[in-house]
Structure formats: C-alpha cells, structure tokens
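K.L.:
Supplied in structure tokens, the structure appears directly below.
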Amino acid sequence: MPDVSKIPGRNFLFIVMLGVILMLAVLLVWNLMGNKGETKSSAEGAAVSLSSATSGGGQQTSTPPTGRGDHKCEVPVASEKEFSVEAPSDYRFKKTYDGIKYPVSATYGPTYTPGVVGYCFAHNPTGAAMAAITYMAAESDINATEAERRGLLSKRVAAEYKPEAPESHPADSADARIAGYDIKSYSPERAVVDAVFLWKSDGQNHIAKFSVPMVWEDGDWRVDAVESEIHLETVEHMPSQVFKAQDNEDK
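My numbering applies: residue 46 is where the sequence shown begins, and numbers increase by one.
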C-alpha cells in the first residue's frame, strides 16, 4: 500500500517545480522581447546614420582619393609587343584641371583609375611611356592629391617625396598637350622616357621634353626621380611616337 503520509509532500514538491518552470518561461519570454527591442533600436540607429551620410542631394559622402591602395596590376602584353615602342592605337585624350591634354590607353595604361590619377601600365616600352606621361600630367593637375601622385613613384622616391610649387612651363600656355614620346633606353627593369610637350604661343608651335627615369617595381612602372631632378628642355623636332589630335578628346 502507498504511504499516505508522504503524498502531501510530493504534491508540494510538484507545485514548487511547476512554479520554477513557469518563472523560467516568463524570464525567457522577457529576454526574447528585450532582444527584439534592442535589435529594432540598432536598426533605427543604422537607418539614421545612413540618412545622415546620404544627406545633401541623396549622395553618400566620400573621402579624398588615397592613391592606388593595395590594388594589384595585371595588364596583359602580347608576346610580340614585349619590346614594342609604338604609341597605342587606342589612345584618347584627357585633360588636367588647367586644360593640359594627355593621352591614356585602355590597352597600355592606365587601366586602373580610382580617382584623378591612373595606375597599372603594360610591362613594355609603351607602358613605361604611358606611365611617365601620366606622372607629368598628375604633377600639373591641382585636382590630384599628394597621395595619388605618391602612388606613381618608386618606394625610394616616395619615401622622400615633397610636393613643390608648380614651376612656369608650357603647361601654363594655351593649347598645351603631351604630344608624344621617345624611348631613350629600355630594359624590363628600367627605362628612360622623353615625354614631349607641344604648345602654341603667339601663333607659333613650341616643343619641349622632360626626361623621366622609370623603374618596374611591385608589378607596375613607377617614376624613379624626384620632381626637382626632372627638367624641361627645348627641342626642335617632334618625337618618333606622336599622339595626334582627336575628336574624342575630353571636354
């Protein structure tokens, strides 16, 4: 027979356990409801932040360009073009802030332009020339940031790079353009490029060149001289590789 004296104790324990279970259930529901509230508040806060970022015409605010970053260049070069000095057939002209025209090529570079200045050039003489030309244009463009210009330099030069005030040169005259180039020397590791300027003054054409030493470093051509070492020199003849005026120049 069951011990009748123990039945009330069992009932009491059952009631206590049931109460504990109910309390735990209530706490669980309360906790879940609290998390939902926090999630909703976080979402509302994120929405407010996004609204603030996109204020002013509905466009997100942006930071100034900081150069090439960690982008890795991969510009293919056909085997028959590895030592070609020919000007790109697909070039088009862009303009600096002051209106200086300079060529760019989708084939030989720059193929990566995250801001004002472009990077990534073909590993051949033509690519070295396009890199030198891009550097000369960037040094004349007040829209190009210091970080962008630094990205065109070798590590050695970039470490001591100090931007200088613009000097008086053909870029200050009307109708100035980088009209072509000559390859003075070339190896897969180094090159020297004469970037040639053409401009008009008093109805006459004038020609001058900048000799720019280049180095192949970290998968791209980079300028291997400080700005003060690159001087203007007047010349009498156009270079061997010429960029003719085109209808597709940037306005």
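The C-beta atom is built at its ideal place from N, Cα and C for all residues, glycine as well.
Tell me the DSSP secondary structure of E281 in three-state form.
P.N.:
Residue mapping note: residue 281 aligns to position 236 of the sequence shown, counting from 1. Here E281 sits in coil by DSSP.
K.L.:
Could you check the C-alpha separation between T279 and G264 for me, to the nearest Å?
P.N.:
What you label residue 279 is simply residue 234 of the sequence shown in a count that begins at 1. What you label residue 264 is simply residue 219 of the sequence shown in a count that begins at 1. Answer to the nearest angstrom: the Cα atoms are 33 Å apart.
K.L.:
Please state the DSSP three-state secondary structure of V202.
P.N.:
Along the sequence shown, read from residue 1 onward, the residue named residue 202 stands at position 157. Here V202 sits in helix by DSSP.
K.L.:
Pick from K146, R137, A177: whose alpha carbon is nearest that of W261?
P.N.:
By 1-based counting over the sequence shown, the position of residue 261 is 216. Closest option to W261, Cα to Cα, is A177.
K.L.:
Determine whether the beta carbon atoms of P284 and D239 lie at a separation below 8 Å.
P.N.:
Within the sequence shown, numbered from 1, the residue matching residue 284 stands at position 239. Within the sequence shown, numbered from 1, the residue matching residue 239 stands at position 194. Against a cut-off of 8 Å, the Cβ pair of D239 and P284 comes out as a contact.
K.L.:
Which residues in the same chain have their Cβ closer than 8 Å to the Cβ of R201, if we skip the five residues on either side of it in sequence?
P.N.:
As a position in the sequence shown, residue 201 is number 156, starting the count at 1. Once the five neighbours on either side are set aside, the close Cβ partners of R201 are D269.
K.L.:
Where do the ends of the alpha helix (DSSP H) carrying Y31 lie?
P.N.:
With the chain covering only 46 through 296, there is no way to say anything about residue 31.
K.L.:
Bridge partners of N250, per DSSP?
P.N.:
Here residue 250 corresponds to residue number 205 of the sequence shown, with the count starting at 1. Bridge partners of N250: K245.
K.L.:
Residues in its own chain within less than 7 Å of N250 by CB, not counting five upstream and five downstream?
P.N.:
Along the sequence shown, read from residue 1 onward, the residue named residue 250 stands at position 205. Result list for N250: L243, in chain order.
K.L.:
For Q286, does the count of other Cβ atoms within 10 angstroms reach 16, so buried, or fall short, so exposed?
P.N.:
As a working mapping, residue 286 is identified with position 241 in the sequence shown. Buried, by the Cβ-count rule.
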